[in-house]
Amino acid sequence: MSRILILKRIFKRLLIAVVLISFLSHKTSAQNKTVTHENQQWLQYYNETKLNNHWTLLADASYRWKDGFNESSQFIVRSALGYAIKQNLRVSAGFAYSGFYSQDALNRMEYRPHQELVFINNLNNIKFNHRLRVEERFFNLLDNSNNTLIFASGIVLPSTLPYSNYQKPILKAYFY
Numbered sequence: 000m001s002r003i004l005i006l007k008r009i010f011k012r013l014l015i016a017v018v019l020i021s022f023l024s025h026k027t028s029a030q031n032k033t034v035t036h037e038n039q040q041w042l043q044y045y046n047e048t049k050l051n052n053h054w055t056l057l058a059d060a061s062y063r064w065k066d067g068f069n070e071s072s073q074f075i076v077r078s079a080l081g082y083a084i085k086q087n088l089r090v091s092a093g094f095a096y097s098g099f100y101s102q103d104a105l106n107r108m109e110y111r112p113h114q115e116l117v118f119i120n121n122l123n124n125i126k127f128n129h130r131l132r133v134e135e136r137f138f139n140l141l142d143n144s145n146n147t148l149i150f151a152s153g154i155v156l157p158s159t160l161p162y163s164n165y166q167k168p169i170l171k172a173y174f175y
């Protein structure tokens with residue numbers, strides 16, 4: 000190929016790239032973005048009590064406020080019983096009771112039976128916890144007698160990397 004033909008092809012490709020980049024980077028004004036700023040404060044307690052080599056009692060409780068502790072938002076109390084099939088594999092089942100507030104008045108209750116599988120493995124010095132949870136979420140609005148069911152599943156993949164004499168969590172990913 001001649002040098003001029005090669006330069007024409009390069010110029011044509013550069014021109015197409017510049018046009019595409021200019022269209023992709025152009026700000027569109029078809030939709031206005033509305034951002035709502037809210038803050039929420041949480042107080043949470045976790046407990047894991049080993050009953051013997053196989054059985055573990057799991058419990059947690061949480062209370063949430065909005066706007067600098069001025070307005071109640073939600074509470075949840077949850078417990079479960081876990082069974083260690085192996086040292087790195089545990090199944091558990093439990094129940095959660097939760098309430099939601101609107102303008103400081105309790106307006107919705109939620110009942111959540113759940114089932115969970117936790118698998119733990121190590122890769123070099125990093126500890127991986129794989130958790131698969133299935134929840135059945137029953138809602139009851141307090142101002143009417145209608146109930147709603149939501150079937151939810153979630154995966155949690157926290158990892159722990161040893162740092163000196165203590166362990167520090169480095170990654171938490173939640174999908175619901």
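Going by numbering that gives the first Met the number 0, the residue at position 90 of the sequence shown is 89; the numbering climbs one at a time, nothing skipped. The beta-carbon is built from N, C-alpha and C at its ideal position, and this holds for glycine as well. On a predicted model such as this, the values are computed, not experimentally measured, just so you know.
(message) For Glu115, count the other beta carbons within 10 Å of its own beta carbon; 16 or more makes it buried, fewer makes it exposed. Which is it?
(response) In the sequence shown, residue 115 corresponds to position 116, counting from 1. Glu115 comes out buried.
(request) Mark Ile169 as exposed unless 16 or more other C-beta atoms lie within 10 angstroms of its C-beta, in which case mark it buried. (result) Locating residue 169 in the sequence shown gives position 170, where the first residue counts as 1. With a pLDDT of 48 at Ile169, under the threshold of 50, the modelled position of that residue is not reliable, and the figure given next carries that caveat. With fewer than 16 other Cβ atoms within 10 Å, it is exposed.
(message) Please list the terminal residues of the continuous beta strand (DSSP E) segment that includes Val133.
(response) Residue numbering aside, residue 133 sits at position 134 when the sequence shown is read from its first letter. Residues 125-140.
(message) Quick check on Leu13: does DSSP put it in helix, strand or coil?
(response) Here residue 13 refers to the residue found at position 14 of the sequence shown. Residue state, collapsed to three classes: helix.
(message) I'd like the list of long-range same chain contacts for Asn120, defined as Cβ closer than 7 Å, with 5 residues on each side in sequence excluded.
(response) Stepping through the sequence shown from its first residue, residue 120 is reached at position 121. Within the same chain, Asn120 has close Cβ partners Asn87, Phe127.
(request) Enumerate in chain order the residues of its own chain whose CB-to-CB distance from Leu141 is below 8 Å, with the five nearest sequence positions on each side excluded. (result) Start at 1 with the first residue of the sequence shown, and residue 141 comes out as number 142. Leu105, Asn106, Arg107, Met108.
(message) Cutting at 7 Å between CB atoms, please list the residues of its own chain near Ser71, excluding the five before and the five after it.
(response) In the sequence shown, counting from the first residue as 1, residue 71 sits at position 72. The residues are Trp64, Tyr100, Asp103.
(request) Would you identify the three-state DSSP class for Val34, choosing helix, strand or coil? (result) Mapped onto the sequence shown, residue 34 falls at position 35. Residue state, collapsed to three classes: coil.
(message) Measuring straight from C-alpha to C-alpha, what distance separates Ser91 and Tyr44?
(response) Indexing the sequence shown from 1 puts residue 91 at position 92. Indexing the sequence shown from 1 puts residue 44 at position 45. Each residue's Cα considered, the two are about 19 Å apart.
(message) Using 8 Å for Cβ pairs, my map puts Trp54 next to Leu80. What's the rounded Cβ distance?
(response) Residue 54 sits at position 55 when you count from the first residue of the sequence shown. Residue 80 sits at position 81 when you count from the first residue of the sequence shown. With a Cβ gap of about 7 Å, Trp54 and Leu80 count as contacting.
(message) At 3 residues or longer, what runs of the beta strand (DSSP E) sit wholly inside the segment 43-78?
(response) 54-65
(request) Would you decide whether Arg12 is buried or exposed? Buried here means 16 or more other CB atoms lie within 10 Å of its CB. (result) As a working note, residue 12 is residue 13 in the sequence shown. Arg12 comes out exposed.
(message) Can you tell me where the beta strand (DSSP E) holding Ser101 begins and where it ends?
(response) Here residue 101 refers to the residue found at position 102 when the sequence shown is read from its first residue. 88-101 is the span of the beta strand (DSSP E), which, as asked, contains Ser101.
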